[in-house]
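Visitor: Here it is: the structure, laid out below.
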Amino acid sequence: MKIFIVHAHPEPRSFNGALTDTARRCLAEAGHALVVSDLYALGWNPRSDRANFTTVLDPGVFRQQQEEAHASAQDGFAADVRAELDKLLWCDALIFQFPLWWFSLPAMLKGWVDRVFAMGAVYGGGLWYDRGRFAGRRAMLSLTVGGPASMYRPDGLNGDIDRLLYPIQHGMLRFTGFDVLPPVIAWQPARVGDEARQAYLEQYRQRLLALATTTPLQFPSIDDYDPETFTLKTGVAA
Ligand SMILES: Cc1cc2nc3c(=O)[nH]c(=O)nc-3n(C[C@H](O)[C@H](O)[C@H](O)COP(=O)(O)OP(=O)(O)OC[C@H]3O[C@@H](n4cnc5c(N)ncnc54)[C@H](O)[C@@H]3O)c2cc1C
157 MKIFIVHAHP
167 EPRSFNGALT
177 DTARRCLAEA
187 GHALVVSDLY
197 ALGWNPRSDR
207 ANFTTVLDPG
217 VFRQQQEEAH
227 ASAQDGFAAD
237 VRAELDKLLW
247 CDALIFQFPL
257 WWFSLPAMLK
267 GWVDRVFAMG
277 AVYGGGLWYD
287 RGRFAGRRAM
297 LSLTVGGPAS
307 MYRPDGLNGD
317 IDRLLYPIQH
327 GMLRFTGFDV
337 LPPVIAWQPA
347 RVGDEARQAY
357 LEQYRQRLLA
367 LATTTPLQFP
377 SIDDYDPETF
387 TLKTGVAA
């Protein structure tokens, strides 16, 4: 498989760094092709604005999605965005490696999505959800979380982790067509001790080796929604 990891952590010796090092070793041993975008090492610019493009559709008012569609048609993406788009279009499987920050993605990674998931190149014109550009490809979140798993149950203090991850797994990855695999989560790696951390690394290794065969999360098909109201048709379960 061709695997693309977008890695977002400021410290190479962090546990996130250890997880990506594990991926580098295990995927190479298994004969997979791997590309890693280490956003801090790259000096990635997370700010989305006219610098995303070499083309200009409207010099008076900046409307990002219109500029994205124009740049898609004119090959007008800036070199940093173009390079990430090429990696994205190349891969069979996309992995986001990140620490949970404020119940969400670090701004570096959110800014990567804001700039790279461009209208025209990645979605739009009827390409969305299971009809999306990346239909048939796989995506997975690998994240670390400061708190314990019990804190992220539906009855836990911080609420259900699946609900927190829904904007990423559904709103970004499923929206663009990926089959989204269950996330790999290392809970409170700073507190659990080395044995448990080694078990997290082994768990990740096993999940990487099963990337092609793991059953994806289930989401309704676009065909299950009324085309006018975008609500589920009668009788279809959410
Ligand atoms: C801005 C911000 C917002 C946050 N928001 C949230 C939030 O909303 N919810 C929440 O729960 N938490 C939150 N946190 C906490 C954050 O999620 C955790 O600190 C983070 O997930 C821990 O991962 P890490 O890679 O930074 O761990 P690190 O602290 O870097 O590492 C943990 C431990 O792993 C060890 N380690 C490193 N490499 C290896 C290796 N190869 N083998 C074994 N051990 C190793 C390290 O030495 C360390 O002891 C937030 C933190 C910040 C800074």
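In terms of my numbering, the sequence shown opens at residue 157 and continues consecutively.
The beta-carbon is built from N, C-alpha and C at its ideal position, and this holds for glycine as well.
How far does the alpha helix (DSSP H) with Pro-323 in it extend, from its first residue to its last?
Guide: Here the alpha helix (DSSP H) through Pro-323 covers 317–324.
Visitor: Quick check on the burial criterion: 16 or more other C-beta atoms within 10 angstroms. Buried or exposed for Glu-223?
Guide: The residue is buried, with at least 16 neighbouring Cβ atoms inside 10 Å.
Visitor: Give me whichever residues DSSP pairs with Thr-300 in a beta bridge.
Guide: In DSSP, Thr-300 forms a bridge with Pro-255 and Ala-342.
Visitor: Buried or exposed: which applies to Gly-216, given that a residue is buried once 16 or more other Cβ atoms fall within 10 Å of its Cβ?
Guide: When all chains shown are included, Gly-216 counts as exposed.
Visitor: How far does the beta strand (DSSP E) with Ala-189 in it extend, from its first residue to its last?
Guide: Element bounds for Ala-189: 189–194.
Visitor: At a threshold of 7 Å, does Val-163 count as lining ligand 1 (C-beta to nearest heavy atom)?
Guide: In the sequence under discussion, the amino acid at residue 163 is His, which differs from the Val named in the question. His-163 Cβ: outside cutoff for every heavy atom of ligand 1.
Visitor: Below 8 Å, can you find three or more Cβ-Cβ pairs linking the segment 282–301 to the segment 320–333?
Guide: Yes, they touch.
Visitor: Please report the straight-line C-alpha distance between Thr-210 and Leu-195, rounded to a whole angstrom.
Guide: Distance between the alpha carbons of Thr-210 and Leu-195 is about 21 Å.
Visitor: Beta carbon of Met-157, beta carbon of Leu-337: below 8 Å?
Guide: For Met-157 and Leu-337, no; Cβs fall outside 8 Å.
Visitor: Please report the residue range of the alpha helix (DSSP H) in which His-163 lies.
Guide: Where His-163 is concerned, there is no enclosing alpha helix (DSSP H), although the beta strand (DSSP E) it sits in stretches over 158–163.
Visitor: Could you check what DSSP says for Ser-204 in three-state terms: helix, strand or coil?
Guide: Coil.
Visitor: For Gly-327, which three-state DSSP category applies?
Guide: Helix.
Visitor: How many whole angstroms separate the CB atoms of Tyr-322 and Ala-342, which I take to be in contact at a CB cut-off of 8 Å?
Guide: So it is not a contact: roughly 20 Å between Cβ atoms.
Visitor: Where Gly-333 and Gly-302 are concerned, what is the direct C-alpha to C-alpha distance, given to the nearest angstrom?
Guide: Straight-line Cα distance between these residues: approximately 30 Å.
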